[in-house]
Amino acid sequence: MTSFLRSDRSQAVAIWLFAVAALVLAMVVVGGATRLTDSGLSITEWRPVTGAVPPLSEADWRQEFAEYQRIPQYQQVNRGMSLGEFKEIYWWEWGHRLLGRIVGLAFFVPFLAFAIRRQIPSRLYIRLAVLFVLGGLQGAIGWWMVASGLSERVSVAPERLMVHLGLAFALLGALVWTALDAWAGWARQTLPSPWGRRALLLMGLIFFQILLGALVAGNDAGFVYNDFPLFAGKLWPEDYLGDGLWATLAHSQGAVQAHHRIVAYVLTVVAVLIGWSAWRSRYLARESKLLALATAGVVVAQALLGIATLMARVPIGLGIAHQLLAAVALCLSVAFAWRVRRI
Numbered sequence: 083m084t085s086f087l088r089s090d091r092s093q094a095v096a097i098w099l100f101a102v103a104a105l106v107l108a109m110v111v112v113g114g115a116t117r118l119t120d121s122g123l124s125i126t127e128w129r130p131v132t133g134a135v136p137p138l139s140e141a142d143w144r145q146e147f148a149e150y151q152r153i154p155q156y157q158q159v160n161r162g163m164s165l166g167e168f169k170e171i172y173w174w175e176w177g178h179r180l181l182g183r184i185v186g187l188a189f190f191v192p193f194l195a196f197a198i199r200r201q202i203p204s205r206l207y208i209r210l211a212v213l214f215v216l217g218g219l220q221g222a223i224g225w226w227m228v229a230s231g232l233s234e235r236v237s238v239a240p241e242r243l244m245v246h247l248g249l250a251f252a253l254l255g256a257l258v259w260t261a262l263d264a265w266a267g268w269a270r271q272t273l274p275s276p277w278g279r280r281a282l283l284l285m286g287l288i289f290f291q292i293l294l295g296a297l298v299a300g301n302d303a304g305f306v307y308n309d310f311p312l313f314a315g316k317l318w319p320e321d322y323l324g325d326g327l328w329a330t331l332a333h334s335q336g337a338v339q340a341h342h343r344i345v346a347y348v349l350t351v352v353a354v355l356i357g358w359s360a361w362r363s364r365y366l367a368r369e370s371k372l373l374a375l376a377t378a379g380v381v382v383a384q385a386l387l388g389i390a391t392l393m394a395r396v397p398i399g400l401g402i403a404h405q406l407l408a409a410v411a412l413c414l415s416v417a418f419a420w421r422v423r424r425i
């Protein structure tokens, strides 16, 4: 029995995975700052290995700047930018990419060490392998996103930003869930109730709202319709319809902001109802009740912060805080969904 328990859980592995999740969260925050400072297109080549070294000489800096001057963002938006100003946006993007490399190393090196010492619960090997592959894929998706803004656009394609950010949040949630599994071991008793479905609904709504927020960011839709609850004094944005269904769903500033607002209303109501009913439930453990209440509280705070961010025209500090609180809400909902499966 003792050997089974040892192979079923590992607090050391759990702490490692929580640490990697914290690094992914840091990368999300830096990525948000990179987006808000319009720094994401400052590095125009994808060099997975040599790109870890920044420009070291004045000639190197001028070469990087010359590459940037060839793309539409410089020619149409930042023409006349000085080398010093270019360095400011370059460091944001370089830091974001460096964090991605650090996350990869922070996952892979300890994974090898734990695997050699046979400390990883056997049931988690496949899941960890999938997470590693998805993490590597995230780098390629990041470049796929950046490439969309190097030839014809002055910014990245919103739908590609949504995929990139969505995968980052999916990895964050999966790391938290897997860390909890590693800490507590396999759920030998599960709770036969509808709470598993309710928790997954809440988690799915939060994730869907994050994807809609990425479309808002990708379209700079936070800089229009900065009154609330109306849209420039009207009940619905006048420019809602784009040139076709996809243009409306992914590229219309009015549409993506309207969708983000509507789902925010729905999510807030659902989170409050689930939090309230969880607290009153006779079947849930106290930890589950507290996680439900915490998730509901963060969702309400996130909605209020979103309104403030919109009405202030997305200052960098509020924009970063809004993205950070979204990550906190998702992690809490993941923990809630994980916990309600256990008696």
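Add 82 to the 1-based position in the sequence shown for the working numbering, that's all there is to it.
Quick reminder that beta carbons are idealized off the backbone N, C-alpha and C, glycines included.
Quick caveat, the model's predicted, so the values are computed rather than measured.
Reference residue i, options the options, closest by Cα
i, options, result
"residue 257", "377, 172 and 95", "95"
"residue 401", "265, 110, 365 and 90", "110"
"residue 199", "209, 92, 376 and 358", "92"
"residue 221", "241, 246 and 233", "246"
"residue 318", "338, 301, 380 and 326", "338"
"residue 340", "240, 312, 364 and 97", "312"
"residue 390", "305, 333 and 294", "305"
"residue 227", "141, 241 and 205", "241"
"residue 302", "332, 421 and 276", "332"
Continuous alpha helix (DSSP H) stretch holding residue i: start and end
i, result
"residue 268", "Careful: residue 268 lies outside any alpha helix (DSSP H) and carries neither H nor E."
"residue 142", "140 to 150"
"residue 117", "93 to 118"
"residue 193", "165 to 198"
"residue 289", "277 to 300"
"residue 207", "207 to 229"
"residue 236", "No alpha helix (DSSP H) contains residue 236, which DSSP labels as neither H nor E."
"residue 134", "Neither: residue 134 is in no alpha helix (DSSP H) and is coded neither H nor E."
"residue 356", "335 to 362"
"residue 422", "Run containing residue 422: none; DSSP gives neither H nor E here."
"residue 389", "368 to 393"
"residue 154", "154 to 158"
Integer-rounded CB distance, given that residue j should sit under 8 Å from residue i
i, j, result
"residue 407", "residue 383", "6 Å"
"residue 185", "residue 217", "7 Å"
"residue 296", "residue 248", "7 Å"
"residue 385", "residue 356", "Not a contact, Cβ separation roughly 15 Å."
"residue 99", "residue 211", "14 Å between Cβ atoms; not a contact."
"residue 278", "residue 424", "About 10 Å; that fails the 8 Å criterion."
"residue 398", "residue 119", "7 Å"
"residue 409", "residue 107", "5 Å"
"residue 175", "residue 125", "5 Å"
"residue 403", "residue 381", "Their Cβ separation, rounded to whole angstroms, is 15 Å, which puts residue 403 and residue 381 out of contact at 8 Å."
"residue 299", "residue 243", "7 Å"
"residue 137", "residue 146", "5 Å"
Residues bridged to residue i [DSSP beta-bridge criterion]
i, result
"residue 316", "313"
>> Across the region 342 to 349 and the region 283 to 297, are there enough close Cβ pairs to call them in contact, namely three or more that are closer than 8 Å?
In response: yes
> So, do the region 143 to 151 and the region 179 to 193 have three or more beta carbon pairs nearer to each other than 8 Å?
Replying inline: no
>> Using 8 Å as the cut-off, can you tell me whether the region 251 to 265 makes contact with the region 152 to 163, which would need three or more C-beta pairs spanning the two stretches below that distance?
In response: no
> Counting Cβ pairs closer than 8 Å, one from the region 368 to 377 and one from the region 407 to 417, do we hit at least three?
Replying inline: yes
> Would you call the region 101 to 115 and the region 157 to 171 in contact, with 3 or more CB pairs under 8 Å?
Replying inline: no
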